[in-house]
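The structure under discussion appears below in the form of structure tokens.
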Amino acid sequence: MPTTTLPAAFPDPGPAWLMTLAVLLRLLDVAVVLGLAMAFLAPTLYALRQMEDVFPPGPRLRRAVVVAGMAVLAVAIVAGYVAMFLREPWGAPTRP
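Under the numbering used here, the first residue of the sequence shown is numbered 174, with each subsequent residue one higher.
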């Protein structure tokens, strides 16, 4: 019976625990980026609270700032992963 082999472009991904570790590290990467984004967004929200005497923004503007900040962050994360995938697709052999 003939055996099937993977083409050179798709090498054996390795043991399942290694792939699970890779996925967990990707998720950790996303969590760290989201945490950093919230750390940079917090001073903006604090500044809005401090300006309430001069310019009362109210909860709608605060919510809009949070939503806009998270949307920009989401676009940046997706763009980063797309650029990374276009540079080196997952599963492809490492290029020098």
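Glycine included, each C-beta is placed from N, C-alpha and C at the ideal position.
Let me know the secondary structure DSSP gives residue i once reduced to three states.
{"i": "Pro-216", "result": "helix"}
{"i": "Gly-253", "result": "helix"}
{"i": "Gly-242", "result": "helix"}
{"i": "Pro-188", "result": "coil"}
Do residue j and residue i come within 8 Å of each other at the CB atom, strictly closer than that value?
{"i": "Val-196", "j": "Ile-250", "result": "no"}
{"i": "Val-239", "j": "Leu-214", "result": "yes"}
{"i": "Leu-234", "j": "Leu-218", "result": "no"}
{"i": "Ala-210", "j": "Leu-259", "result": "no"}
Please work out which residues of its chain come closer than 8 Å, Cβ to Cβ, to residue i, disregarding the five sequence neighbours upstream and downstream, and give them in chain order.
{"i": "Ala-252", "result": "none"}
{"i": "Leu-191", "result": "none"}
Only counting the same chain, and skipping five residues up and downstream in sequence, which positions put a Cβ closer than 6 Å to that of residue i?
{"i": "Gly-242", "result": "Leu-214"}
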